[in-house]
Amino acid sequence: MKLRQNPCWCSHSGSASRRCASSGWPGKSRPWAACDAGPPFPRKTRPVKLAIVGAGWAGMAAAVTAAQAGAQVTIFEASRNLGGRARALSLPTPGGTDITVDNGQHILIGAYTETLRLMQLVGVAPQTALLRQPLAMVFPDGRGLQTPAWAAQWPAPLNAVAAIATAKGWHWRDKLALVRASLGWQRAGFLCETTLTVAQLCVALPPRVIDELIEPLCVSALNTPGAEASAAVFLRVMQDALFGRGHPGFGASDLLMPRTDLSQLFPQAATEWLASRHGDHVEIHLSTRVHGLRSTPSGWQLEGAGSTCFDQVIWATGAVPAAQAMANTAEQDGQPEQTRDSLLDWSRTASALPHAAITTVYAHAPGARLQRPMMALRAQPDAHAAPAQFVFDRGLLSPGDPTQHGMLAFVVSASEGDRADLQRRVLQQACDQLGLQTLRVLQTVVEKRATFACTPGLRRPGMAIAPALWAAGDFVEGPYPATLEGAVRSGVAAAQAACQGQTRHLG
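Under our numbering, the sequence shown has 776 at position 393, and the numbering climbs by one with no breaks.
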């Protein structure tokens, strides 16, 4: 496998679908490359020449999937590092040494079956790379919900019922109300009106259940406050996490916290796997910015990435750069009208997505240590006094790494306000709720467009953009919010569509 570093930079990602009137597919969404009108480019012979723009989790998932299918894969990444928004970050310390953290603290759950499957495929052992903790939403005062040890191996949803039954600080009426609501959601097939918010869905639940479970779950999973978040998407998350089947060896609701940095957890491991298994058919170009695409009789040509033409392209960057690239592509002379319209429609949809920020405050104090690796914090509804919803003890996550001892990561989902103000409020929150008065902020990572705001009825761009052009990313149309699992599933689906679509056109 060729890994190349070019002297330029940027960030990338994408998606879309359209209605196809071809016979046999009345009124159903159908990928462009499957239309009966025939291939957009001349018939090719194997292997499929596939370009992937963006080497985040979606792009690398697409690369692994396509390589397995026998495609000739070329990956273009604008930055110098793999992983996109979920990647390793070097952090200087007061002592002058650098330590490795992440570009935002992430967590997985046992229901992330595709992510865990691909991790295992590329040689990462989830049982050792991730710290497994049965479902827990425990606050510093000991209150909250936690799966008891005797029920940790129970099948879903019995383990969740045990956690609810033993929740500390909850009245029996609180527990009964939550069980009834959950069973009601199950009877309804975890479906509801697409216009409902999570707050409206849970309006009958007691305030304690809302404050100590529903709201923290909602804002962490959807990165959107309950008053604004989509109830339909929230129910899908609840279905998979509390009632679904997890990856072998894990319960669906298990919290899985990385023991290593996010780059090593999948993107870097995927690169090494591709090199060892498919090195002759895979190239990775880092620091290579792709501005757009040009349609030629031989296929798609990537602007800024040489003159090679590709049979299929997967655009796997963030929504904003993807939208701009598709708009640039649509403006080119000679673009077929239908393709131009599809590119513009996809670009407008992606551009219209509302976004929400996530802030991670990395703070350190000698001897700082939590009761458990992850704890819930009491965030104020207006986030003015106490903005963080969760705190992670990186020393407990990586006990063998002395550089992580005393390092805490405070996560502020759906964050608002400037960096300095957030830091000040987080330090005050740590003092008030954790009794930590000597913490010093080492770095605050603010991802202003960390995710799309998962609001009711939101229109997301689809996977099929134009002939032989696909999108992958956590913002692409699908049942999940903007999570690692959503990104991985999108990448896998795009790669399958690209390879299958090309196969239909082979002579």
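Glycine included, each C-beta is placed from N, C-alpha and C at the ideal position.
From the DSSP output, read off the bridge partner residues of residue i.
i: Cys837; result: DSSP output for Cys837 lists no bridge partner at all.
i: Ser613; result: Thr580
i: Gly682; result: Thr679
i: Gly527; result: Val521, Lys551
i: Ser796; result: Ile741
i: Pro475; result: Asp481
i: Ala849; result: Leu852
i: His788; result: Paired residues: none, contrary to the question.
i: Ala759; result: Phe773
i: Pro641; result: Leu513
i: Val665; result: Val456
i: Thr827; result: Val744
i: Cys692; result: Gln684
Excluding the 5 residues flanking residue i on each side, which residues of the same chain have their C-beta closer than 6 Å to its C-beta?
i: Glu611; result: Thr838
i: Pro589; result: Asp557, Ala560
i: Thr496; result: His630
i: Ala855; result: Ala441, Ala445, Ile697, Ala699, Ser873, Gly874, Ala877
i: Gly421; result: Its pLDDT being 36, under 50, Gly421 is placed unreliably in this model, and the value from its coordinates should be taken loosely. Closer than 6 Å at Cβ, skipping near neighbours: no residue.
i: Ala404; result: Bear in mind that the predicted position of Ala404 carries a pLDDT of just 31, short of 50, making it unreliable; the figure below should be weighed with that in mind. Excluding sequence neighbours, Ala404 sits near nothing in its chain.
i: Thr679; result: Cys692
i: Trp729; result: Ala399, Met709, Pro844, Ile848
i: Cys814; result: Gln820
Take the Cβ of residue i as the centre, count every other Cβ of all protein chains shown within 10 Å, and call the residue buried at 16 or more, exposed below.
i: His395; result: Low confidence applies here, because His395 scores a pLDDT of 36, under 50, leaving its location unreliable; read the following figure in that light. Result: buried.
i: Val871; result: buried
i: Arg777; result: buried
i: Gly466; result: buried
i: Ala614; result: buried
i: Glu460; result: buried
i: Leu654; result: Sequence inspection shows Thr at residue 654; the Leu mentioned does not correspond to that position. Flag for Thr654 reads buried.
i: Ala705; result: buried
i: Val586; result: exposed
i: Leu643; result: Before going further, note that residue 643 is Thr rather than Leu in the sequence given. The residue in question, Thr643, is buried, as its Cβ has 16 or more Cβ neighbours within 10 Å.
Can you list, in chain order, the residues of its chain with a C-beta nearer than 7 Å to that of residue i? Leave out the 5 residues immediately preceding and following it.
i: Gly493; result: Gly629, His630, Phe633, Gly634, Ala635, Ser636, Asp637, Leu639
i: Val703; result: Arg832
i: Gly525; result: Lys551
i: Cys882; result: Val431, Ala449, Ala452, Ala454
i: Arg879; result: Note on identity: in this sequence residue 879 is Gln, with Arg being the wrong assignment. So the qualifying residues of the chain are Thr448.
i: Trp568; result: Leu618, Met621
How is residue i classed by DSSP in three states: helix, strand or coil?
i: Trp440; result: helix
i: Trp553; result: coil
i: Thr511; result: helix
i: Arg842; result: coil
i: Met563; result: According to the sequence as given, residue 563 is Arg; it is not Met. Helix.
i: Thr742; result: strand
i: Trp537; result: coil
i: Cys601; result: helix
i: Gly466; result: strand
i: Gln516; result: strand
i: Ile435; result: strand
i: Arg777; result: helix
i: Val447; result: helix
i: Gln647; result: helix
i: Ala870; result: helix
i: Glu655; result: helix
i: Ile697; result: strand
i: Ile492; result: strand
i: Arg807; result: helix
i: Arg832; result: strand
i: Asn606; result: coil
i: Gln883; result: helix
Tell me whether the beta-carbon of residue i lies closer than 8 Å to the beta-carbon of residue j.
i: Leu514; j: Pro785; result: no
i: Arg843; j: Leu726; result: no
i: Thr742; j: Val795; result: yes
i: His738; j: Gly789; result: no
i: Val562; j: Val581; result: no
i: Leu600; j: Val616; result: no
i: Val436; j: Gln455; result: no
i: Phe835; j: Val809; result: no
i: Pro650; j: Ala512; result: no
i: Ser646; j: Ala434; result: no
i: Ala546; j: Thr530; result: yes
i: Val505; j: Ala652; result: yes
i: Leu760; j: Phe775; result: no
i: Ile458; j: Glu666; result: yes
i: Ser734; j: Pro770; result: no
i: Met758; j: Pro523; result: yes
Tell me which same chain residues have a C-beta within less than 8 Å of the C-beta of residue i, skipping the five on either side of it?
i: Arg468; result: Gly439, Asn486, Gly487, Gly701, Glu830, Ala833
i: Leu474; result: Asp481, Ile482, Thr483, Val484, Tyr745, Leu825, Gln826
i: Ala717; result: Here residue 717 is Gly; the residue named in the question, Ala, does not match the sequence. Around Gly717: Ser678.
Could one say the Cβ of residue i lies closer than 8 Å to chain D's Cβ atoms, at least one of them?
i: Ala604; result: Note that chain D does not occur in the displayed structure, where there is just one protein chain.
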